[in-house]
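In my numbering, the protein residues as written are 67 to 265.
Glycine included, every Cβ here is placed at the ideal spot set by N, Cα and C.
Everything below concerns the one structure shown next.
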Amino acid sequence: MPQGQPSVVPDDGLTTRQRRNRPLVVVHTGIGKGKSTAAFGLALRAWNQGWPIGVFQFVKSAKWKVGEENALKVLGASGEGGSVAWHKMGEGWSWVQRDAQLDNEAAAREGWEQVKRDLAAETYKLYVLDEFAYPMHWGWVDTDEVVEVLRDRPGTQHVVITGRNAPEKLVGAADLVTDMSKVKHPMDAGQKGQRGIEW
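Below is the structure:
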């Protein structure tokens, strides 16, 4: 097992084991590719640990067949690791196409209400809130409320939030934040997304 050395040992009264096992809020943001992919990589690790996993997709269309969804559902049903529940919030919404905004805003709010219910019930050990940074950025979901709910969540529930433009208050409250930067992307040269890479 990797043995990372912290640069600072906080004077918080916790043992090393207690500090190591505390639940995390993780944010993957930035304009680069790989935010959701990295979150699903964490979900694979959680599945291997036998953790129940809840995936909540906030803005990707419910009609899209995401490769990670199929893989994680198969793994979740295998009986080998943790369970996997996949929730598509509404009919989907893409940051590229802004139609039916009011319906999608309501779906995002209801999705957040479901996450709050599941957090209160300690339904999952890992929550992947895919593209959830967008509803906060657009003001559909109150960032202050999100930060408060995540801060006060019971038990040892880890939460991963993905999406561009993660609000500063969320970034400040998170335990682990990665900003995906873009160096090059095939779309810059006119190439569209392809199977096995984008989905």
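- About 6 Å separates the beta carbon of residue 181 from that of residue 122, a gap short enough to meet the 8 Å contact definition.
- Here DSSP, grouped into helix, strand and coil, assigns residue 178 to helix.
- Judged by beta-carbon spacing, residue 216 lies beyond the 8 Å limit of residue 112, meaning their Cβ atoms are not closer than that value.
- Nearest neighbour of residue 86 by Cα position, chosen from 222, 183, 195 and 263, turns out to be 222.
- The alpha carbon of residue 224 has as its nearest neighbour, out of 79, 102, 103 and 120, the alpha carbon of 120.
- No Cβ-Cβ contact shorter than 8 Å links residue 91 with residue 199.
- Contact between the region 183 to 190 and the region 199 to 212 is absent: fewer than 3 CB-CB pairs across the two stretches fall below 8 Å.
- Straight across, the Cα-Cα distance linking residue 259 with residue 116 is about 33 Å.
- Residue 238 carries a helical assignment under DSSP once its states are collapsed to helix, strand and coil.
- Sixteen is the threshold: when 16 or more other Cβ atoms of the shown chains lie within 10 Å of the Cβ of residue 196, as they do, the residue is buried.
- The shortest CA-to-CA distance from residue 124 to any of 253, 252 and 228 is the one to 228.
- A residue is called buried when at least 16 other Cβ atoms come within 10 angstroms of its Cβ; residue 95 meets this threshold and is buried.
- Per DSSP, reduced to three states, the secondary structure at residue 232 is coil, with no helix or strand assignment.
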